[in-house]
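Per this note's numbering, residue -2 is the first one in the sequence shown, and the count goes up by one each step.
Ideal Cβ positions, reconstructed from N, Cα and C, are used throughout, including at glycine.
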Amino acid sequence: MTVAAKNIPITVFRTPSEMQAWSRDRRREGKTIGCVPTMGALHDGHLSLIRASAAGCDETIVTIFVNPTQFGPDEDLGKYPRDEASDLKLAVAAGATSAYCPAVEVMYPENSSVHVVEVNISTGLCGESRPFHFRGVTTVVSKLFNACLPDRAYFGMKDYQQLLVLRRMVRDLDFLLEIVGCPIVREPDGLAMSSRNKYLTDKARVDALCLRKGLDIAEQAFENGIRDPKVIGEMVRDSIKQVESAEIDYIECRDAEDLSEIETIENPAVVALAVTIGKTRLIDNTVLSPDKERKDV
Ligand code: AMP
-2 MTVAAKNIPI TVFRTPSEMQ AWSRDRRREG KTIGCVPTMG ALHDGHLSLI RASAAGCDET
58 IVTIFVNPTQ FGPDEDLGKY PRDEASDLKL AVAAGATSAY CPAVEVMYPE NSSVHVVEVN
118 ISTGLCGESR PFHFRGVTTV VSKLFNACLP DRAYFGMKDY QQLLVLRRMV RDLDFLLEIV
178 GCPIVREPDG LAMSSRNKYL TDKARVDALC LRKGLDIAEQ AFENGIRDPK VIGEMVRDSI
238 KQVESAEIDY IECRDAEDLS EIETIENPAV VALAVTIGKT RLIDNTVLSP DKERKDV
């Protein structure tokens, strides 16, 4: 059913058929549609994607869905921040023209038994410590694409592995849309914005700066001519290890196009890391581009 959100000038769709009907009408009018998938708790990182879509497309659909299938059993699904009304206000101000916010039962009818699985790019890094995470992401994003029928979909480089997995999915399954990757938005002190930053205590918030500091060290080493991904990874590790509360999940320097392991950095490489500070798992990354100036993502 279509529901206009109370006092917020945006139409919210709650079922795939209603969302599809709206998108098909817009397409018939010749309009281009951008889609920005989110799990809500919107911050400036999400809003930058909505702004990019609004700048490049006639219509922008923000989707808000906390997807249970991409959380592990011991993860934060239950306490994930949810505030739809406030998210919708922010989304409208950033340029969203409609929203898709299905309930879990609508997204996953009883006896749902089909998954979309990427088996290469999704296996290492976050895929290793979060075994079914990317299967949840590729499945839900496929369903969001089928509901929203976008011409373009906007994703943050903050979730670098996710971006590559989704690009591969769109290519391999012939989705008729373009994936647009957008730069990481950071707090003034360098911490990458994340809905999970809300979990950080004051001390953990300070300790969390070790992620960006580690990436700075990687960028500096690269600028100084170091091209061995292992050496760069070890330098980042040594720096982060100095913070007592930091528990390193992974620090990897891989090929930036497909996350394959590399011996030396000859083509763009990504330094990606996941670190738990206290109880909060944070991710961040930077792309190192040979023959270019430092590239800040
Ligand atoms: P999430 O709600 O965490 O699933 O994120 C929804 C989208 O926002 C994903 O494409 C993320 O990569 C993107 N995103 C999250 N944080 C940032 C950030 N700090 N900068 C840019 N994009 C972000």
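According to DSSP, simplified to helix, strand and coil, what is residue i?
{"i": "R278", "result": "strand"}
{"i": "Y97", "result": "strand"}
{"i": "V68", "result": "Rather than Val, the amino acid found at residue 68 in this sequence is Phe. DSSP places F68 in coil when its eight states are reduced to three."}
{"i": "D252", "result": "strand"}
{"i": "L122", "result": "coil"}
{"i": "L270", "result": "strand"}
{"i": "T12", "result": "coil"}
{"i": "G178", "result": "strand"}
In whole angstroms, give me the CA-to-CA distance for residue i and residue j.
{"i": "I229", "j": "S14", "result": "49 Å"}
{"i": "M104", "j": "G27", "result": "28 Å"}
{"i": "V240", "j": "A189", "result": "18 Å"}
{"i": "R127", "j": "V9", "result": "31 Å"}
{"i": "V294", "j": "R25", "result": "At V294, the pLDDT of 44 sits below 50, so the modelled position is not reliable; the number obtained from the coordinates is stated separately. Cα to Cα, V294 sits roughly 36 Å from R25."}
{"i": "K195", "j": "F62", "result": "18 Å"}
{"i": "R79", "j": "F129", "result": "23 Å"}
{"i": "V137", "j": "F68", "result": "12 Å"}
{"i": "P180", "j": "E102", "result": "33 Å"}
How about residue i: is its Cβ closer than 7 Å to a heavy atom in the ligand SAH?
{"i": "F131", "result": "Questions concerning the ligand SAH fall outside what the structure shown contains, since the ligands it does hold are the ligand AMP."}
I'd like to know whether the C-beta atoms of residue i and residue j end up nearer to each other than 8 Å.
{"i": "G31", "j": "S50", "result": "yes"}
{"i": "Y247", "j": "A218", "result": "no"}
{"i": "A201", "j": "I118", "result": "no"}
{"i": "L60", "j": "T35", "result": "Rather than Leu, the amino acid found at residue 60 in this sequence is Thr. Contact flag set, yes."}
{"i": "G211", "j": "V233", "result": "yes"}
{"i": "D186", "j": "L208", "result": "no"}
{"i": "D277", "j": "L197", "result": "For the record, residue 277 in the displayed sequence is Thr; it is not Asp. Against a cut-off of 8 Å, the Cβ pair of L197 and T277 comes out as a contact."}
{"i": "L256", "j": "L122", "result": "yes"}
{"i": "I176", "j": "A82", "result": "no"}
Among the candidates the options, whose CA atom is the shortest distance from the CA of residue i?
{"i": "M16", "options": "I214, L170, F142, Y77", "result": "F142"}
{"i": "A91", "options": "I47, P99, V162", "result": "I47"}
{"i": "W19", "options": "E81, S95, V63", "result": "S95"}
{"i": "K155", "options": "I274, A253, Q67, D281", "result": "D281"}
{"i": "T29", "options": "C54, A38, H40", "result": "C54"}
{"i": "G222", "options": "K76, T120, S286, A100", "result": "S286"}
{"i": "L174", "options": "F152, S242, A100, E125", "result": "F152"}
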